[in-house]
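For the protein sequence lines, the chains are Y and D, in the order given. When we follow our numbering, the leftmost residue of the first sequence carries the number 1, and every step to the right adds one. When we follow our numbering, the leftmost residue of the second sequence carries the number 1, and every step to the right adds one.
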Amino acid sequence: MIEELQNIERQAMGNSRVHRLDARTKIILAFAAIIAMVAYPYSKDVIVPGMLLFAFFSVLWAFSGLSVLAYLKRLILILPFGIFIIIFQIFFENSRYDTFTSILDLPLGIHVYAESVEFASILLIKFIVCISFIILLSSTTTMQDMLAGAKRLGMPSEFVLIIGLMIRYLFVFAEMYGKVINVFEVKFFNAFDTNLPYKYRLRTLAYAIGTLFIRSYEQGERTYISMLCRGYSRDSFLRIEKKKIQGKELGFLIFGIIFIVAGVTVPYLIFDLGLIPSVSMQF
Amino acid sequence: MHIPDAFIPLPQAAIYWIIALIFVALALRWARNELSEEKIPLIAVLAAGIFAIQAFNLPVGMGTSGHLVGGALAAIVLGSPFAAVFILTIVLIIQGVVFGDGGITTMGANIINMGVIGGFVGYYSYHGIKSAIKNKFIPAAIAAWLGCFIAAVVCAIEMFIAGTFPLVPGIIAMGTYHAAIGIIEGVITAGAIYLIYSTRPDLIELDKGDA
Chain Y
1 MIEELQNIER QAMGNSRVHR LDARTKIILA FAAIIAMVAY PYSKDVIVPG MLLFAFFSVL
61 WAFSGLSVLA YLKRLILILP FGIFIIIFQI FFENSRYDTF TSILDLPLGI HVYAESVEFA
121 SILLIKFIVC ISFIILLSST TTMQDMLAGA KRLGMPSEFV LIIGLMIRYL FVFAEMYGKV
181 INVFEVKFFN AFDTNLPYKY RLRTLAYAIG TLFIRSYEQG ERTYISMLCR GYSRDSFLRI
241 EKKKIQGKEL GFLIFGIIFI VAGVTVPYLI FDLGLIPSVS MQF
Chain D
1 MHIPDAFIPL PQAAIYWIIA LIFVALALRW ARNELSEEKI PLIAVLAAGI FAIQAFNLPV
61 GMGTSGHLVG GALAAIVLGS PFAAVFILTI VLIIQGVVFG DGGITTMGAN IINMGVIGGF
121 VGYYSYHGIK SAIKNKFIPA AIAAWLGCFI AAVVCAIEMF IAGTFPLVPG IIAMGTYHAA
181 IGIIEGVITA GAIYLIYSTR PDLIELDKGD A
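Below is the structure:
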């Protein structure tokens, strides 16, 4: 995860039109798209708003100048977080359906149901759209910019202060973590090596984590003293310049929000009002 | 244990957000009262430390792995369950917004599971067991196990209420898996606290009176 952090930050330091957008614009659009996608009913129709929002994401990704491969790499890293639950859906009778049609009978009385496959597909579409916008946001916005944007959007100062410092330390930790891993490799220690006694593996990991913890604390103390020497004060650190979103960027933000809201609302109204024969399930 | 976006319907996610925000507000109040200028960098480093600690993959068995939650560890070391809520909220924000681990709409539920339940169960069970058996490290292990296990069971119940996973298989799967991870979390938490206590006892708030 820490190695990934450095890769993400490198991508975020680009200079495309999307990278140059105010962090607030990207945060608002990404969150709006995610909320809109989650708000859409668990219906087969979700494919329509899903495709519309994914098209919007694709345009922004194209303008970011980042490669499709970069997106796919990040997608593959995130997919396991949800794919496990999605795959297991197909073996269960989902409470949102009344009847079930078995399409595959497996040993031990396990069945794969058409309705459950449908529900898993709905979840997959929603999940992919949501994480795509997170990938876009984090790949085109440095963490420091995101933090400044969050502060301007009203995030409490305590969080901003701690996250700001935490971000700085994360990169120090990346180095420390790398050193710990190197030491493990030099000593041929592998936590997954079953030839080593389990107790020994756990004790070694506990000491490594404890050491990391203590080193982090001591690093914090050293940094604090250095900050004091440079005239650190709580109030001066929190000062983030006020900045208005205006002109073309404001126009783009308004357009983006309208597109996202319409991209979800219009398909919902069309299918719900029956202007197109609905294939959605009623829950 | 990180519930991704879309796995909880928006109205339910909003309820979890409201509950989580109450605890986050209380954690903020704790931070405003407790975070002296001197402590601020230390808390930040702790947050980064827990983030780094979560990067360690621990062998669970049968080829699977998991990572520490760290809620009990943060609560025990800093001497307040609100410290766990505060730190885990920060860690979950970074994980959700930067890594896509967990979600935006589901962040409320994730804060409740890992920060509130992990922190409160970890802190109070540590406190209770320690007063009963007069030992610092075994209670830390049990508290960390309880924090991990109960949070996982609550997570399974939330998924059931959301209609995205059946109750019994969910509790069996999440409960069994996290009961195993919880043992490792317990051992590692106790080991880490032992190491901190041996080298820097001044850092453990809860034990200042005992030292």
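Ideal Cβ placement from N, Cα and C applies to all residues, glycine included. For clarity, every value in this text was computed on a predicted model and none was experimentally measured.
Here D105 of chain Y carries a strand assignment [DSSP, helix/strand/coil]. Excluding the 5 residues flanking it on each side, L137 of chain Y has same chain C-beta neighbours closer than 7 Å at K26, I27 and A30, in chain order. Interface annotation, A156 of chain D: not in contact with chain Y, CB-CB separation never under 8 Å. With a threshold of 16 other beta carbon atoms within 10 Å, V97 of chain D meets it and is buried. Ranked by how close their Cα comes to the Cα of A206 of chain Y, the residues Y:V180, Y:K243 and Y:L170 have Y:V180 in first place.
A direct Cα-Cα distance of roughly 17 Å separates Y200 of chain Y from V186 of chain Y. Spatial neighbours of I196 of chain D in its own chain (CB-CB distance under 8 Å, excluding positions within 5 residues in sequence) are listed in chain order as V77, L203 and I204. Taking CB atoms only, P169 of chain D has a neighbour in chain Y less than 8 Å away. Interface annotation, F159 of chain Y: in contact with chain D, CB-CB separation under 8 Å. Under the Cβ distance rule, A48 of chain D counts among the residues neighbouring chain Y, one pair being separated by less than 8 Å. Within chain Y, Y169, S216, Y217, Q219 and G220 have C-beta atoms less than 7 Å from the C-beta of V45 of chain D, given in sequence order.
Among the residues of chain Y, those whose CB is under 7 Å from the CB of L203 of chain D are Y217, following chain order. According to the DSSP assignment, I134 of chain Y belongs to the alpha helix (DSSP H) that extends over A114 to T140.
When CB distances to chain D are screened at a threshold of 7 Å, the residues of the region 173–189 of chain Y falling below it are F173 and Y177, in chain order. Pairing V129 of chain Y with G256 of chain Y gives a Cβ-Cβ distance that is not under 8 Å. Taking C-beta atoms as the reference points, A48 of chain D and S216 of chain Y count as a pair closer than 8 Å. At a cut-off of 8 Å between beta-carbon atoms, C229 of chain Y makes no contact with chain D. Looking at the DSSP output, I110 of chain Y shares a beta bridge with Y:L106. Contacts with chain D at 8 Å (Cβ-Cβ) do not include L269 of chain Y. Listed along chain Y are L202, R203, L205, A206, Y207, I209 and G210, each with a C-beta nearer than 9 Å to that of G191 of chain D. Of the other Cβ atoms in all chains shown, 16 or more fall within 10 Å of the Cβ of I209 of chain Y; this residue is therefore buried. Per DSSP, reduced to three states, the secondary structure at I245 of chain Y is coil, with no helix or strand assignment. With a cut-off of 8 Å on Cβ pairs, the region 152–162 of chain D is not in contact with the region 110–120 of chain Y, counting fewer than three such pairs. By the CB criterion at 8 Å, A44 of chain D and M166 of chain Y fall inside the cutoff. In its chain, beyond the 5 residues on either side, P81 have a beta carbon closer than 6 Å to the beta carbon of F120 of chain D.
Contact annotation: Y177 of chain Y and A52 of chain D have beta-carbon atoms nearer than 8 Å.
Judged by DSSP secondary structure, D145 of chain Y falls within the alpha helix (DSSP H) whose first and last residues are M143 to R152. Using a Cβ distance threshold of 8 Å, A140 of chain D and Y126 of chain D count as a contacting pair. Boundaries of the alpha helix (DSSP H) around K199 of chain Y: Y198 to C229.
Pairwise C-beta distances place the region 112–119 of chain D in contact with the region 13–27 of chain D, as three or more of them are shorter than 8 Å.
Residue range L167 to T199 is occupied by the alpha helix (DSSP H) that includes Y194 of chain D. Here P41 of chain D carries a helix assignment [DSSP, helix/strand/coil]. Check the Cα spacing between H2 of chain D and each of D:A83, D:N113 and D:P41: the tightest is with D:N113. Identification of chain D residues near P156 of chain Y by a Cβ-Cβ cut-off of 7 Å yields L28, ordered along the chain.
Excluding its 5 nearest sequence neighbours in each direction, P9 of chain D has C-beta neighbours in its own chain below 8 Å: A162 and G163, listed in chain order. Within the region 78–108 of chain Y, I78, F81, G82, I85, F88, Q89, F92, E93, N94, S95 and R96 place their CB atoms closer than 8 Å to a CB of chain D, listed in sequence order.
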